[in-house]
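FYI, the working numbering numbers position 151 of the sequence shown as 1258, with every residue one higher than the one before it.
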Amino acid sequence: MSTIKSTRIILYVLLIIFVIVSLLPLWGCIVTALKSSKEVILTTPVSPPLHPTMAKIMEAIEYLRRPLMNSLILVASGVMISTFFGSIIGYVFSKYKFRGSIILFILVVLSLYIPPQVQLIPMVQTISKVGLFGNLGSLVLLYMIFGIPMCSFVFKTFYDEIPDSYINAAKVDGADIWTTYRRIVLPLSVLPFVVSALLQIVIIWNDFIWGLVLTSGKANLPVTVAMANLKGSFVAEWNLQMAGALWVVLPTLIIFIFLGKYIIRGYSGR
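Shown next as structure tokens:
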């Protein structure tokens, strides 16, 4: 018993240390955002502010107002389009086998593993040819292209668990493929819609490289790219940068706190 108790104590101590180390960057970000520029220089990054001020936090939100709205537009459009088409594609792959369906689905899944760096030049060329380079439309198209395969995988994994007897019974009653989807499958799809939407929200909100490459002008920048511009031209304003980082990380932080279990289920495919 003493050995088990000692092991448990050691485990708890290690977990506490891990939590402290993990939360330290967030703590440093918060306290730095609340400091004046002079106090940032005179104190350590993790020391509490002696005279807290909201000036830099308000300055950051004023600068990031339009980029935040851009990212919200991208998230809303990307989530709606990707989950809608992903649910239909996942349903077809799961319940309607056709010649080459397995190979086609494997190709869909493999597309998720292609590094963005490999796709960078071809994607820029394609976006330029369709006349969307430099505006938000390019990112909407891009997130749709990348989001549909991932959502299709999530939906197919879920639909595989639905008994085929439900689909066969609908066929006996004369329902076609779309009636079966609308009347039977869609009402059972709340969980995969939630999981797919959460995954897309996190991915789109945190994306940096595509927003940097495909957009231009402050009016079209997503929030992650705009936040990178807060660094200043000559002097680094760490309090302003940390304030901007707080606004950027806040939505995904809230999502992970309250809905993180659904994101884990989405990545594990269950």
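Every residue, glycine too, gets a C-beta built ideally from N, C-alpha and C.
Item, Value
"Test item: CB-CB of residue 1311 and residue 1201 under 9 angstroms", "no"
"Close beta carbons around residue 1188, own chain, < 6 angstroms, minus the five adjacent residues each side", "1251"
"Whether residue 1126 touches residue 1185 by CB criterion (9 angstroms)", "no"
"Supposed contact pair residue 1150 and residue 1142 - C-beta distance, whole angstroms, cut 8 angstroms", "7 angstroms"
"Continuous alpha helix (DSSP H) stretch holding residue 1327: start and end", "Here residue 1327 belongs to no alpha helix (DSSP H), and DSSP marks it neither H nor E."
"Residue 1169, enclosing alpha helix (DSSP H) - first and last residue", "1162 to 1202"
"Cβ contact (3+ pairs, closer than 8 angstroms) linking the region 1208 to 1217 and the region 1290 to 1300", "no"
"C-beta atoms of residue 1359 and residue 1243 nearer than 9 angstroms", "no"
"Residue 1419 versus residue 1182 - alpha carbon distance", "This structure cannot settle anything about residue 1419, because the visible part of the chain is limited to 1108 through 1377."
"Beta-carbon proximity check, residue 1277 vs residue 1287, cutoff 9 angstroms", "yes"
"Start and end residues, alpha helix (DSSP H) containing residue 1283", "Segment: none, residue 1283 is in no alpha helix (DSSP H) and carries neither H nor E."
"Meets three-Cβ-pair contact criterion under 8 angstroms: the region 1161 to 1174 and the region 1231 to 1241", "no"
"CB of residue 1337 within 9 angstroms of CB of residue 1164, strictly", "no"
"Spatial neighbours of residue 1254 in its chain, beta-carbon cut-off 6 angstroms, leaving aside the 5 residues before and after", "1185, 1189, 1307"
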